[in-house]
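Here is the structure we will look at, set down as structure tokens.
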Amino acid sequence: MRALCFGSLNIDYVYQVPHFVAGGETLAAGSLSRFSGGKGLNQSVALARAGLEVRHAGAVGRDGLFLLEELRAAGVDTGHVEVLEDVPTGHAVIQRTPSGENCILLYGGANRRITPAQIDRVLADCGPGDALILQNEISRLPYLAERARERGMTVALNPSPMEEGLLPLLPLADYLLLNEVEAAQLLAGLGRPVPEAEEPLAAALAEALPSTAVLLTLGSRGSLFTQGARLLRQAAVSVRAVDTTAAGDTYTGFFLAGVLGGREAEWAMRYAATAAAIAVTRPGAAPSIPSRQEVLAEMKD
Ligand code: RIB
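For what it's worth, my numbering labels the leading residue of the sequence shown as 208, then goes sequentially.
Structure representation (structure tokens):
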């Protein structure tokens, strides 16, 4: 199956800080690094490094041309990324602590300039043999998801950042990939109870979305997968984290590459957990994502 990732491309400015800055506080950063990022770009890189044929669609300004180089170097087709003259590329201001935790402030820039005309052009040659991978960092998501369903495409949605406007899109998704915070926000938005424990939380998602396969990521506690009455658990691979940025994107890309490539969900979860564990031992978003060969060697597959 071919993958079309229609998503954000960001320039990530990563500030090394002793702790996250608090309201009213002035804090000096120890260092500043610039990386390629954006949940869309990261997931395209992960899907391609995991072995899938990937096209990326989105928008950058002139200052973001190096992001296209990063995608091409990973083997991603960038023919559907538009370069806009009058708007800067999206960017993220990321604080990273000594334990590798991060917090992220987003500026949408060109990512918020996606138009129905661009969507129609991109989807023109897509059909049931294509999967559309979406996150929530670009404009016009409802139009995009609806047109993709009309064309019979498989739709995978990573509802991040989660917001109320995404709720009507949930029934359009074949795959939903999210973390615990997003899962709680989603259930609350649907007016449903939010269980605190992991497995009841996953079961509540399965009940709310009976025709969607759900991957719930739990950070250092691994992940759960539910589809109907089926519930699978994968433990995290234990490593010393340097930078957790894009760990979720790596997990998403490798899991989807596994299942869209015809593997069982159990194997895809192990593939994803191993890839994410390697990614957190390296700095940066897209540059930290491992290759298929590295991951398979670590899995001893
Ligand atoms: O998921 C990590 C990504 O979130 C970063 O690369 C940043 O750009 C934001 O989109």
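Don't be surprised by glycine CBs; every beta carbon is placed ideally from N, CA and C.
From a predicted model like this one, the values you see are computed outputs, not experimental measurements.
List the endpoints of the continuous alpha helix (DSSP H) containing Val502.
The residue labelled residue 502 in the question sits at position 295 within the sequence shown. Boundaries of the alpha helix (DSSP H) harbouring Val502: Arg499 to Met506, taken from the DSSP string.
Assumed close pair Leu431, Glu406 - CB separation to whole angstroms, cut-off 8 Å
Reading the sequence shown from its first residue, position 224 is the one you call residue 431. Reading the sequence shown from its first residue, position 199 is the one you call residue 406. About 7 Å separates the two Cβ atoms, so the contact holds.
Can you check DSSP and say which residues form a bridge with Tyr382?
Here the question's residue 382 lines up with position 175 in the sequence shown. Beta-bridge pairing links Tyr382 to Ala363 and Ala420.
Is the beta carbon of Tyr350 closer than 8 Å to that of Ala363?
Within the sequence shown, residue 363 is the residue found at index 156, counting from 1. Within the sequence shown, residue 350 is the residue found at index 143, counting from 1. For Ala363 and Tyr350, no; Cβs fall outside 8 Å.
Flag this pair as yes or no: are the beta carbons of Glu370 and Gly245 separated by less than 8 Å?
Position 163 of the sequence shown, counted from the start, is the residue given in the question as residue 370. Position 38 of the sequence shown, counted from the start, is the residue given in the question as residue 245. Against a cut-off of 8 Å, the Cβ pair of Gly245 and Glu370 comes out as no contact.
CB of Ile527 to nearest heavy atom of the ligand RIB: below 7 Å?
The requested residue 527 does not occur in the structure, where the chain is confined to residues 208 to 508.
Which of helix, strand or coil does DSSP assign to Ser445?
Reading the sequence shown from its first residue, position 238 is the one you call residue 445. Note: Ser445 maps to coil in three-state DSSP.
Within 10 angstroms of its Cβ, does Gln500 collect 16 or more other Cβ (buried), or is it exposed?
As a position in the sequence shown, residue 500 is number 293, starting the count at 1. Exposed, because fewer than 16 other Cβ atoms sit within 10 Å of the Cβ of Gln500.
Is Glu289 helix, strand or coil when you go by DSSP?
For the purposes of this step, residue 289 is identified with residue 82 of the sequence shown, where counting begins at 1. Reduced to three states, the DSSP call for Glu289 is strand.
Using a Cβ-Cβ cutoff of less than 6 Å, which residues in the same chain neighbour Leu239 once the five nearest sequence positions on both sides are dropped?
As a position in the sequence shown, residue 239 is number 32, starting the count at 1. Only Tyr222 meet the Cβ criterion.
How many Å lie between Leu259 and Pro497 at the Cα?
Here residue 259 corresponds to residue number 52 of the sequence shown, with the count starting at 1. Here residue 497 corresponds to residue number 290 of the sequence shown, with the count starting at 1. So the two alpha carbons sit approximately 14 Å from each other.
With distance defined between alpha-carbon atoms, name the residue in Gln434, Thr424, Ala404 and Val300 nearest to Ala415.
Counted from its first residue, the sequence shown places residue 415 at position 208. With distances taken between Cα atoms, Ala415 lies closest to Gln434.
Should His226 go down as buried or exposed, given a rule of 16 or more other Cβ atoms within 10 Å for buried?
Translated into positions along the sequence shown, residue 226 becomes position 19. Around the beta-carbon of His226, fewer than 16 other beta-carbon atoms lie within 10 Å, marking it exposed.
Out of curiosity, what's the CA-to-CA distance linking Ala464 and Glu232?
To locate residue 464, count along the sequence shown from 1; it is residue 257. To locate residue 232, count along the sequence shown from 1; it is residue 25. Straight-line Cα distance between these residues: approximately 43 Å.
Does the segment 268-281 touch the segment 327-334, meaning 3 or more C-beta pairs lie closer than 8 Å?
Segments in contact, no.
Within 7 Å: the Cβ of Ile311 and any heavy atom of the ligand RIB?
Translated into the one-based positions of the sequence shown, residue 311 becomes position 104. True, at least one ligand heavy atom lies under 7 Å from that Cβ.
Between the Cα of Phe213 and those of Leu291, Ala338, Lys507 and Gly372, spot the shortest distance and give me the residue it belongs to.
Within the sequence shown, the letter at position 6 stands for residue 213. The residue among Leu291, Ala338, Lys507 and Gly372 with its C-alpha nearest the C-alpha of Phe213 is Ala338.
Report yes if the CB atom of Pro400 is closer than 8 Å to the CB atom of Ala413, and no otherwise.
One-based indexing of the sequence shown puts residue 400 at position 193. One-based indexing of the sequence shown puts residue 413 at position 206. Cβ distance not < 8 Å, so Pro400 and Ala413 don't count as in contact.
Three-way DSSP call (helix, strand, coil) for Asn249 in this model
Residue 249 sits at position 42 when you count from the first residue of the sequence shown. Asn249 falls in the helix class under three-state DSSP.
Can you tell me which residues form a DSSP beta bridge with Asn309?
Position 102 of the sequence shown, counting from 1, holds the residue named residue 309. Arg303, per the DSSP bridge assignment.
Indicate, with yes or no, if the ligand RIB has a heavy atom lying under 7 Å from the CB of Gly315.
For the purposes of this step, residue 315 is taken as residue 108 along the sequence shown, with counting starting at 1. No, the ligand RIB has no heavy atom inside 7 Å of this Cβ.
DSSP three-state call for Asp450: helix, strand or coil?
As a first step, residue 450 must be located in the sequence shown, where it is residue number 243. In this structure, Asp450 counts as coil in the three-state DSSP scheme.
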